[in-house]
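There are 2 protein chains.
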Amino acid sequence: MNIIPPNLPLFAGILQEDLPSLLYCVRATVETYKKRQTIISQGETVSNFGILLSGQARSLKLDADGRQVIVTLIRPGGVVGIILAAVTGERSLVEVVAEEDSRLLSIPFARIGAVCDCGGACRGREQLAANYTSLLARKALELHERIDCLLEPSVRSKVLTYLRRLAMEEGEGASKIALPFDREGMAEYLNVDRSALSRELSRMKREGLIDYRKNIFLLKAQC
Amino acid sequence: MNIIPPNLPLFAGILQEDLPSLLYCVRATVETYKKRQTIISQGETVSNFGILLSGQARSLKLDADGRQVIVTLIRPGGVVGIILAAVTGERSLVEVVAEEDSRLLSIPFARIGAVCDCGGACRGREQLAANYTSLLARKALELHERIDCLLEPSVRSKVLTYLRRLAMEEGEGASKIALPFDREGMAEYLNVDRSALSRELSRMKREGLIDYRKNIFLLKAQC
DNA sequence: TTAATTTGGTTGCCAGGGCAACGGACATTC
DNA sequence: GAATGTCCGTTGCCCTGGCAACCAAATTAA
Chain A
59 MNIIPPNLPL FAGILQEDLP SLLYCVRATV ETYKKRQTII SQGETVSNFG ILLSGQARSL
119 KLDADGRQVI VTLIRPGGVV GIILAAVTGE RSLVEVVAEE DSRLLSIPFA RIGAVCDCGG
179 ACRGREQLAA NYTSLLARKA LELHERIDCL LEPSVRSKVL TYLRRLAMEE GEGASKIALP
239 FDREGMAEYL NVDRSALSRE LSRMKREGLI DYRKNIFLLK AQC
Chain B
59 MNIIPPNLPL FAGILQEDLP SLLYCVRATV ETYKKRQTII SQGETVSNFG ILLSGQARSL
119 KLDADGRQVI VTLIRPGGVV GIILAAVTGE RSLVEVVAEE DSRLLSIPFA RIGAVCDCGG
179 ACRGREQLAA NYTSLLARKA LELHERIDCL LEPSVRSKVL TYLRRLAMEE GEGASKIALP
239 FDREGMAEYL NVDRSALSRE LSRMKREGLI DYRKNIFLLK AQC
C-alpha cells in the first residue's frame, strides 16, 4: 500500500506516518485497469470514488445516436466518481475508461463521513473529510469554468475565454500559457471542430491577438 | 431566526429543536436583498455560502465584450456560493443578482468544518457537514448535466438530451414533463437562440417526436 | 372595455462553423 | 533509407442556427 505518491490533495495536512492506518480504516484499495478497460460504466450507480495514481483515463458520453463525446480527461492525481459517490442513488451519465494501464486508489464514500471504528488508531479522519469536500468543490469549479467557455457564442470567444482563464491561473498578468491539451483535446474541451479551431487560431494570430507554437500560447495585451 | 422553512436539505436529519443553537453556533445570519441588488459580484472572493429562503435570483456572467449570459436560476431552497465558499481564494466568475426582493440564510463556510466552540450545546454539527457535502455534490451534478446538454451538436439533440433527463428524473418511463423554465429560460439553459428553439420544437412536434403545450412536454416513445 | 406588456411561434436572410479531404512537418519503427 | 503514424494547418462546400423583424395569443394594467 505504500505506493501512494506524496502531495495528493486528498491527504493534505495528514501526516505521512498516519496514512497507513487511515487508509486501512477507510477501506482503501488499489485497483488496476488495463488500457481501454472500463472503470465506471454509463448507468451504473457508484459508491466508491477514486484517485488516479498512474496512467490516464477519460470520461466519455455515448449519446443516443451513438456519437461519442469526451467529457473529461483524467490525469494522475485526478479524481474519478467524486461527484457520483457523494449523491446516493444517481446513475452515471458518463463512461470512464482507462486510456493506458492505470492504477486507481479506491475508497468507499460512506467511510469518509463515518465514525472511526478502529478504536482511535487512525488520525486525520476529519481532515480527510474536509479534503474530500475541497476536492469536490474544485471539481465543481472546473465544471463551472468549462460551462463558462461553452456558453460563449463563437469559436473565437470560446478560445479567448479559455485562454484568459488559464492566464489568470498562471499568475497575475502572465500571458504565456502552456495548454494542458493538444489541438484535438482543446477542440474537444471547447466543443468545436478541430479544423474550425485551427482556422480561427490562425486568423487570430494573423490579427495579432495571440501567438502560439505547439501548446505554448501567448495572449497579447488587449485581451 | 425562526423563519427557517422546514425540509431544507441543508438541515436534513437535524432535529427541529436543535436548529436554533446550531444556527447560532455556526454564525448563521439572514440577509435581505432588494430587487436587482447584487448578492455576489464578479471577481469577489467568497467565504459565506447561502440558502435562498424567499425571492428569486440569477447568476450571470458579463463576458469581455459586455454580453450578459445567464448561468443559473436560483429559486427558494436553492444555494448560492456553495462552490466558491469551499475553495479558498478563488474569485467569482459570475455575478449573483436578486431578481425579486429576497432573503438569504448566510453561513460562513469555515464554521461548517470547524469544531464546535459552544460547549456542546449544539447538536448536529457532523450532520450539517455531511449535508453540505451532499448539496455541493448535487450542485456539481447539475453542472455536469448541463454540460451534457451543451455538448450536443444540434438544437434538436440538445432538446432531446434535456427532455430525456427530465423524464428520467420524473420517474421510470414517465414521458409527461413539466419544465421548470419558460421558452426563454429553456433557450438560455441550452444556450441556443429562442427563435431557433421554437423553430426546432415545432419541427419536432410536426414529426411526432414530442408534443407540448406551454411548459408541459410529452416525449414520444422512440426517444 | 381598451391599452399595454409579455410570451411564444414564424420566416427570410446570411455567416459561422461543421465536415471531409488533403498535405506538410516531425517522430518512430523496421 | 523507406514506411507508417500522428499532429496540425488549409480550403471548399453547404447546412444549421443566430439574428432581426413581425405577428398572434395570452396576461396584466388602467
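Chains A and B, in that order, are what the protein sequence lines are.
Residue numbering for the first sequence follows the numbering used here, starting at 59 and increasing by one per position.
Residue numbering for the second sequence follows the numbering used here, starting at 59 and increasing by one per position.
Where a beta carbon is used, it is the ideal one built from N, C-alpha and C, also for glycine.
Just so you know, these numbers come straight off a predicted model, no measurement behind them.
Reduced DSSP secondary structure (H/G/I, E/B, other) of Leu208 (chain A): Position 150 of the first sequence, counted from the start, is the residue given in the question as residue 208 (chain A). Leu208 (chain A): helix per DSSP, three-state reduction.
Would you give the residue range spanned by the beta strand (DSSP E) that Thr87 (chain B) belongs to? Here the question's residue 87 (chain B) lines up with position 29 in the second sequence. 87-91 is the span of the beta strand (DSSP E), which, as asked, contains Thr87 (chain B).
Please check if any C-beta of chain B sits within less than 8 Å of the C-beta of Gly87 (chain A). As a position in the first sequence, residue 87 (chain A) is number 29, starting the count at 1. For the sequence presented, residue 87 (chain A) should be read as Thr rather than Gly. Chain B, which has no Cβ nearer than 8 Å to the Cβ of Thr87 (chain A), makes this no.
The alpha helix (DSSP H) that contains Ala225 (chain B), what's its start and end? Along the second sequence, read from residue 1 onward, the residue named residue 225 (chain B) stands at position 167. Run containing Ala225 (chain B): 213-228, per the alpha helix (DSSP H) assignment.
Let me see if you follow: with CB-CB separation under 8 Å, is Val145 (chain A) close to chain B or not? Position 87 of the first sequence, counted from the first residue, corresponds to residue 145 (chain A). True, the Cβ-Cβ gap to chain B drops below 8 Å.
Can you give me the C-alpha to C-alpha distance between Val104 (chain A) and Lys93 (chain A), rounded to a whole angstrom? Reading the first sequence from its first residue, position 46 is the one you call residue 104 (chain A). Reading the first sequence from its first residue, position 35 is the one you call residue 93 (chain A). Taking the straight line from one Cα to the other gives about 21 Å.
Using the beta-carbon count (16 or more within 10 Å), is Lys272 (chain A) buried or exposed? Residue 272 (chain A) sits at position 214 when you count from the first residue of the first sequence. Flag for Lys272 (chain A) reads exposed.
Could you tell me which chain B residues have their CB closer than 8 Å to the CB of Lys93 (chain A), listed as they occur along the chain? Here residue 93 (chain A) is taken as the residue at index 35 of the first sequence, counted from 1. Neighbours of Lys93 (chain A) in chain B, taken as residues whose beta carbon is under 8 Å from its own, are absent, since the nearest beta carbon is some 25 Å off.
Note down the Cα distance separating Ile235 (chain A) from Leu221 (chain A), rounded to an integer number of angstroms. For the purposes of this step, residue 235 (chain A) is taken as the residue at position 177 of the first sequence. For the purposes of this step, residue 221 (chain A) is taken as the residue at position 163 of the first sequence. Cα-Cα distance, rounded: 8 Å.
According to DSSP, is Gly243 (chain A) part of a helix, a strand, or is it coil? Looking up residue 243 (chain A) in the first sequence gives position 185. DSSP places Gly243 (chain A) in helix when its eight states are reduced to three.
Please state if the CB of Pro78 (chain B) and the CB of Leu110 (chain B) are separated by a distance shorter than 8 Å. Start at 1 with the first residue of the second sequence, and residue 110 (chain B) comes out as number 52. Start at 1 with the first residue of the second sequence, and residue 78 (chain B) comes out as number 20. At least 8 Å separates the beta-carbon of Leu110 (chain B) from that of Pro78 (chain B).
Report whether the distance from the Cβ of Thr96 (chain A) to the nearest heavy atom of the ligand SAH is below 7 Å. This structure lacks the ligand SAH; in fact it carries no ligand of any kind.
Going by the CB atoms, is the gap between Thr87 (chain B) and Glu164 (chain B) shorter than 8 Å? Taking the second sequence and counting its residues from 1, the one referred to as residue 164 (chain B) is at position 106. Taking the second sequence and counting its residues from 1, the one referred to as residue 87 (chain B) is at position 29. The residue you asked about is not Glu; residue 164 (chain B) is Ser in the sequence shown. Going by C-beta atoms, Ser164 (chain B) is nearer than 8 Å to Thr87 (chain B).
Rounded to a whole number of angstroms, what is the C-alpha to C-alpha distance between Leu208 (chain B) and Gly243 (chain B)? Taking the second sequence and counting its residues from 1, the one referred to as residue 208 (chain B) is at position 150. Taking the second sequence and counting its residues from 1, the one referred to as residue 243 (chain B) is at position 185. About 14 Å.
Terminal residues of the continuous alpha helix (DSSP H) containing Ala168 (chain B)? The residue given as residue 168 (chain B) occupies position 110 in the second sequence. Its alpha helix (DSSP H) spans residues 168-171.
Interface flag, Arg196 (chain B) vs chain A, CB-CB below 8 Å: Translated into the one-based positions of the second sequence, residue 196 (chain B) becomes position 138. At a cut-off of 8 Å between C-beta atoms, Arg196 (chain B) counts as an interface residue with respect to chain A.
When the cut-off is 8 Å and only beta carbons count, does Ile62 (chain A) lie next to chain B? In the first sequence, residue 62 (chain A) corresponds to position 4, counting from 1. No, Ile62 (chain A) does not count as interfacial toward chain B.
Please classify Val197 (chain A): does DSSP put it in a helix, a strand, or coil? Your numbering for residue 197 (chain A) matches position 139 in the first sequence. For the record, residue 197 (chain A) in the displayed sequence is Lys; it is not Val. Lys197 (chain A): helix per DSSP, three-state reduction.
Could you tell me which of B:Asn65, B:Cys83, B:Val145, B:Val137 sits nearest to Glu102 (chain B), measuring between CA atoms? Start at 1 with the first residue of the second sequence, and residue 102 (chain B) comes out as number 44. Comparing Cα positions, the closest option is B:Val145.
Taking the beta strand (DSSP E) that Ala156 (chain B) belongs to, which residues open and close that run? If you number the second sequence from 1, residue 156 (chain B) lands on position 98. Note, Ala156 (chain B): beta strand (DSSP E), 153-156.
Proximity test, Cβ basis, 8 Å: Lys119 (chain B) and chain A: Start at 1 with the first residue of the second sequence, and residue 119 (chain B) comes out as number 61. Taking Cβ atoms only, chain A reaches closer than 8 Å to Lys119 (chain B), which makes this a yes.
Opposing strand residues paired with Leu118 (chain A) [DSSP bridges]: Here residue 118 (chain A) is taken as the residue at index 60 of the first sequence, counted from 1. Answer is A:Ile128, A:Glu153, bridged to Leu118 (chain A).
Under the rule that 16 or more other beta-carbon atoms within 10 Å means buried, what is Leu83 (chain B), buried or exposed? Sequence index remark: in the second sequence, residue 83 (chain B) carries index 25 (1-based). Residue identity check: residue 83 (chain B) is Cys in the sequence provided, not Leu. Per the 10 Å Cβ criterion, buried.
Three or more C-beta pairs under 8 Å: does that hold for the stretch 253-268 of chain A against the stretch 115-131 of chain B? no
Of the choices A:Asp206, A:Ser192, A:Glu158, whose alpha-carbon is the least far from that of Gly113 (chain A)? Stepping through the first sequence from its first residue, residue 113 (chain A) is reached at position 55. A check of alpha carbon separations from Gly113 (chain A) across A:Asp206, A:Ser192, A:Glu158 identifies A:Glu158 as the nearest.
What whole-angstrom Cβ distance do Glu153 (chain A) and Ser117 (chain A) have, given they're in contact under 8 Å? Position 95 of the first sequence, counted from the start, is the residue given in the question as residue 153 (chain A). Position 59 of the first sequence, counted from the start, is the residue given in the question as residue 117 (chain A). Yes, Glu153 (chain A) and Ser117 (chain A) are in contact; Cβ-Cβ is about 7 Å, under 8 Å.
C-beta contact flag for Gly182 (chain A) and Ile72 (chain A) at 8 Å: The residue given as residue 182 (chain A) occupies position 124 in the first sequence. The residue given as residue 72 (chain A) occupies position 14 in the first sequence. Against a cut-off of 8 Å, the Cβ pair of Ile72 (chain A) and Gly182 (chain A) comes out as a contact.
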